[in-house]
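Quick mapping for you: the protein sequence lines, in order, are chains A and B.
Sequential numbering from 3 applies to the first sequence in my numbering.
Sequential numbering from 389 applies to the second sequence in my numbering.
Note that beta-carbon positions come from the ideal geometry of N, C-alpha and C, so glycine has one too.
Everything below concerns the one structure shown next.
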Amino acid sequence: MKTFVLVLLAVSLAVAAGLALLASGAPDGLEHSLASLGVAEGEALLAAPMADYQLPGESPARWRQIGAGLSGTLVVFFLAWLAGTLLRRRRPRSLPPAPAHSQSEH
Amino acid sequence: MHLPDGILSAPVWIGAGAVTAGALALCVRRASRQLDEQRAPLMGVLGAFVFAAQMINFPVPGGTSGHLMGAVLLAVLLGPAAASVVLFCVFLVQSLLFQDGGITALGANFINMGLVGSFGGWAVYRLLAGGGGQARRSLAAFVAAWAAVEVGALLAALQLWASGSAPLMPVLWTMGTVHAFIGIGEGLITVATLRFLSAARPSLLESVP
């Protein structure tokens, strides 16, 4: 399982860093619909540090996009893993332990 | 299809936020009863994969583009409750770090691109796949993924209408037609990824809650 997770993480990082550079720059379905109906998009409430999937800085846009893609992929990886770990901790005591698992029940 | 800030009216985004909070609490309850030891790292890496895949906009007819949403993909691999939790993590990071989807629109975006696919799309998948073989499961995943995108797009259109941002029939029509094409891409990527993962690790699909 460890190998599988690592390989899939490597694939995800490669997708975020490599394939994303080939992504279509055309407006997405929602943006297209809003534009065709003449609806203006609102102001963002908070300025995000990597708005439009670009790291801030002076480097070429392509590098800043790669950096943003890699950072986001890793942040989501750890956040969703953490969520999964917390969910397992929450397991009610009345339930039997999960298969192949015997500790951290409390 | 991430709705930005400032386009939904307060009653709509607050209502959607309340629905999201309630649904997420139920998902947490349900998922915590179902998770086995291997699911936590799997949730992490599948979330990372969906985040990365969402960066790739593919062109669709009419000068527009779409990207994977991934809800049916995650629901088939993790069960709908854990899939919803992972998708919420993805949308949270997208809105806070990348300004992709408004912070006030987080609830609406989670409903349209998360809940609809992970529960509704998953139900369609289970219904169509039955106990069938790989061809039937692939067809079921394609239909479920397509339907999840289409229904999510129509819901987004209804939210825009309810917010007073767009007239009802035009917004339903334009969102519906564009996403009917985007849904084909969603279906193809979902099926290809499922087939690849189940070939690489056949046990993955056997223990899904």
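Straight-line Cα distance separating residue j from residue i
| i | j | result |
| --- | --- | --- |
| B:T562 | A:S35 | 6 Å |
| A:L32 | B:M389 | 5 Å |
| A:R91 | A:P62 | 44 Å |
| B:P429 | A:L24 | 29 Å |
| B:A409 | A:Q56 | 30 Å |
| B:L466 | B:V416 | 13 Å |
| A:E107 | B:A411 | Note that A:E107 scores a pLDDT of 39, beneath 50, so its modelled location is shaky; the value from the coordinates is reported in the next line. Going by the C-alpha atoms only, they are around 25 Å apart. |
| B:Y513 | A:G59 | 45 Å |
| B:S472 | A:S38 | 31 Å |
| B:G505 | B:T581 | 16 Å |
| B:L516 | B:G575 | 14 Å |
| B:G403 | A:T5 | 42 Å |
| A:L121 | A:G40 | Past the edges of chain A, shown from 3 to 108, lies residue 121 of chain A, and the structure says nothing about it. |
| B:S420 | A:W83 | 13 Å |
| B:A533 | B:G509 | 6 Å |
| B:A470 | B:M431 | 8 Å |
| B:A587 | A:F79 | 23 Å |
| B:V407 | A:D30 | 26 Å |
| B:L391 | A:V7 | 31 Å |
| B:A536 | B:P449 | 20 Å |
| A:L190 | B:A545 | Here chain A comprises residues numbered 3 to 108, so residue 190 of chain A is not present and cannot be evaluated. |
| B:L423 | B:V460 | 18 Å |
| A:R64 | A:P51 | 17 Å |
| B:T492 | B:A436 | 23 Å |
| B:N445 | A:R66 | 18 Å |
| B:L573 | B:G454 | According to the sequence as given, residue 573 of chain B is Gly; it is not Leu. Roughly 8 Å separates the two Cα atoms. |
| B:R427 | B:P555 | 44 Å |
| A:A28 | B:Q442 | 14 Å |
| B:L414 | B:F569 | 32 Å |
| A:V17 | B:V481 | 18 Å |
| B:G489 | B:V559 | 19 Å |
| B:F601 | B:F498 | A question about residue 601 of chain B goes unanswered here, because the residues of chain B that appear run from 389 up to 597. |
Residue i in three-state terms, based on DSSP
| i | result |
| --- | --- |
| B:S506 | helix |
| A:T75 | helix |
| A:T5 | helix |
| B:V438 | helix |
| B:A469 | helix |
| B:T492 | coil |
| A:P51 | coil |
| A:A42 | coil |
| B:L461 | helix |
| B:G403 | helix |
| B:S483 | helix |
| A:G86 | helix |
| B:I499 | helix |
| B:A529 | helix |
| A:R92 | coil |
| A:Q67 | helix |
| B:P392 | coil |
| B:L423 | coil |
| A:S57 | Checking the sequence, you will find Leu at residue 57 of chain A rather than Ser. The answer is coil: DSSP assigns A:L57 none of H, G, I, E or B. |
| B:P429 | helix |
| B:A517 | helix |
| A:S14 | helix |
| A:S35 | helix |
| B:G410 | helix |
| B:G398 | According to the sequence displayed, residue 398 of chain B carries Ala and not Gly. Three-state DSSP puts B:A398 in a helix. |
| A:A25 | coil |
Residue i at chain C interface by Cβ criterion, 7 Å
| i | result |
| --- | --- |
| B:I444 | In the displayed structure, chain C is absent; the protein chains listed are A and B. |
Bridge partners - residue i, DSSP secondary structure assignment
| i | result |
| --- | --- |
| B:G454 | B:F446 |
| A:D129 | The displayed coordinates of chain A run from 3 to 108. Any statement about residue 129 of chain A would go beyond what the structure contains. |
Other residues of its chain near residue i: CB distance less than 6 Å, five sequence neighbours each side excluded
| i | result |
| --- | --- |
| B:L543 | N500 |
| B:I577 | L456 |
| B:V539 | V504 |
| B:G571 | W534, V537 and E538 |
| B:F439 | V478 |
Residue i CB to nearest heavy atom of the ligand SAM below 6 Å
| i | result |
| --- | --- |
| B:T452 | The ligand SAM is not part of the structure shown, which contains no ligands of any sort. |
Neighbourhood of residue i by C-beta distance below 8 Å, restricted to the same chain and skipping five residues each side
| i | result |
| --- | --- |
| A:S26 | none |
| B:S526 | V579, L582 and R583 |
Sequence-distant residues of its chain with Cβ nearer than 7 Å to residue i (five each side left out)
| i | result |
| --- | --- |
| A:L15 | L72 and T75 |
* **Every unbroken alpha helix (DSSP H) within the region 532 to 595 of chain B, with a cutoff of 4 residues, ordered by chain** => Runs found: 556 to 588.
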